[in-house]
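Q: Residue numbers (the numbering used here): 229 to 597.
1. What residue range is occupied by the uninterrupted alpha helix (DSSP H) comprising residue 344?
2. Kindly indicate which residue of 420, 394, 377, 350 has the alpha-carbon position closest to the one of residue 503.
3. Since residue 325 is in the beta strand (DSSP E), which residue starts that stretch and which ends it?
4. Which residues in the same chain have their Cβ closer than 6 Å to the Cβ of residue 289, if we skip the five residues on either side of it in sequence?
5. Cα separation between residue 346 and residue 417?
6. Would you tell me roughly how many angstroms separate the C-alpha atoms of residue 533 and residue 562, rounded to the nearest one?
7. Is it buried or exposed for residue 593, if we count other Cβ within 10 angstroms and need 16 for buried?
8. Helix or strand or just coil, what does DSSP make of residue 529?
9. For residue 295, which three-state DSSP category applies?
10. Less than 8 Å between the C-beta atoms of residue 516 and residue 448, yes or no?
11. Rounded to a whole number of angstroms, what is the C-alpha to C-alpha distance between residue 585 and residue 314?
12. Please work out which residues of its chain come closer than 6 Å, Cβ to Cβ, to residue 415, disregarding the five sequence neighbours upstream and downstream, and give them in chain order.
13. For residue 321, which of helix, strand or coil comes out of DSSP?
14. Count the C-beta pairs between the stretch 289 to 307 and the stretch 261 to 280 that are closer than 8 Å, then say yes if the count reaches three, no if not.
15. In whole angstroms, what is the alpha-carbon distance linking residue 375 and residue 576?
16. Considering only the alpha carbon of each residue, which of 527, 581, 339 lies closest to residue 385?
17. So the alpha helix (DSSP H) residue 257 belongs to, where does it begin and stop?
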């Protein structure tokens with residue numbers, strides 16, 4: 229029963245990311261302030277009619293200002309919220325942008341901003357009126373934070389990382405120096421954190437620079453489903469065909485490298501090398517999250533979430549290190565726990581990553597990303 233409750237709890241973490249469609253629906257609000265009889269306004273209205281047909285998630289709010297004191301006051305308040313002087317009509321507000329006047333060039337700019345807002349999310353001008361610090365990140369957080377926490381939790385309970393740390397602790401403890409073992413475990417965890425963070429930043433930058441964020445998002449959505457199914461396979465048929473862990477042929481060399489560590493600096497520098505061995509085992513959830521962030525997050529916001537992701541990733545490593553140091557567990561007991569819970573860990577990882585992939589596919593099919 230405890231296992232079932234734990235799995236349900238982890239599934240609960242992913243629900244907010246899958247429920248993003250219900251909460252946000254991908255809608256984009258555009259406010260247009262115009263005057264009756266204004267020729268440019270008439271052209272702009274015709275243009276916006278076409279945009280509403282082309283982009284069903286676009287919601288255009290029209291406010292006539294010549295004959296409505298209430299609309300003029302709203303025009304003044306929203307202009308003040310955008311820190312922009314009123315220059316005439318038509319004037320358009322959407323997300324963080326304001327457009328004054330209308331011609332073909334302005335129309336192209338408005339359509340480009342509509343596409344950006346549909347893809348990345350934008351604050352409504354009415355929300356901007358209530359909160360001048362409103363940015364698209366407030367919308368993005370609804371999707372990315374639950375997804376990042378869930379995927380990082382999957383990565384954190386990965387049996388590969390546990391195995392590596394346990395071998396390291398066993399090697400250091402052979403010297404009978406518990407303090408050295410503690411420092412080596414922490415140094416190793418920090419090294420893994422730095423290396424994975426740098427790899428994540430590099431891959432995120434490469435994806436965004438390529439301009440293929442939409443295509444990559446679609447690929448990683450499918451990848452998430454496959455990784456989830458493969459992990460479920462390891463629960464029901466462990467060892468058949470392949471396992472979602474470090475390849476068997478790599479393991480002797482990996483163990484030899486770890487057992488060669490005899491010092492704290494050695495543990496730190498070896499962590500960078502070991503992280504390469506762990507990639508086939510741990511990269512699935514990470515790549516999925518990077519694909520998601522490259523599509524919906526700015527560089528600065530993605531960096532903050534990568535810091536969070538990798539912190540969650542190394543938490544169990546630090547936890548095991550502390551438990552062994554304070555004598556609350558032994559390396560033998562830790563390895564026994566890892567071995568007996570191996571299939572359960574694959575089950576938990578499979579469920580969460582599969583749900584994340586399905587949620588991404590649903591978002592893609594609904595045009596939310």
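Every residue, glycine too, gets a C-beta built ideally from N, C-alpha and C.
Bear in mind that the values here come from a model prediction, so they are computed numbers and not experimental data.
A: According to the structure shown:
1. 332 to 348
2. 420
3. 325 to 328
4. 259
5. 39 Å
6. 30 Å
7. exposed
8. helix
9. coil
10. yes
11. 46 Å
12. 492, 495, 496
13. strand
14. yes
15. 15 Å
16. 581
17. From DSSP, residue 257 is part of no alpha helix (DSSP H) but of the beta strand (DSSP E) over 256 to 262.
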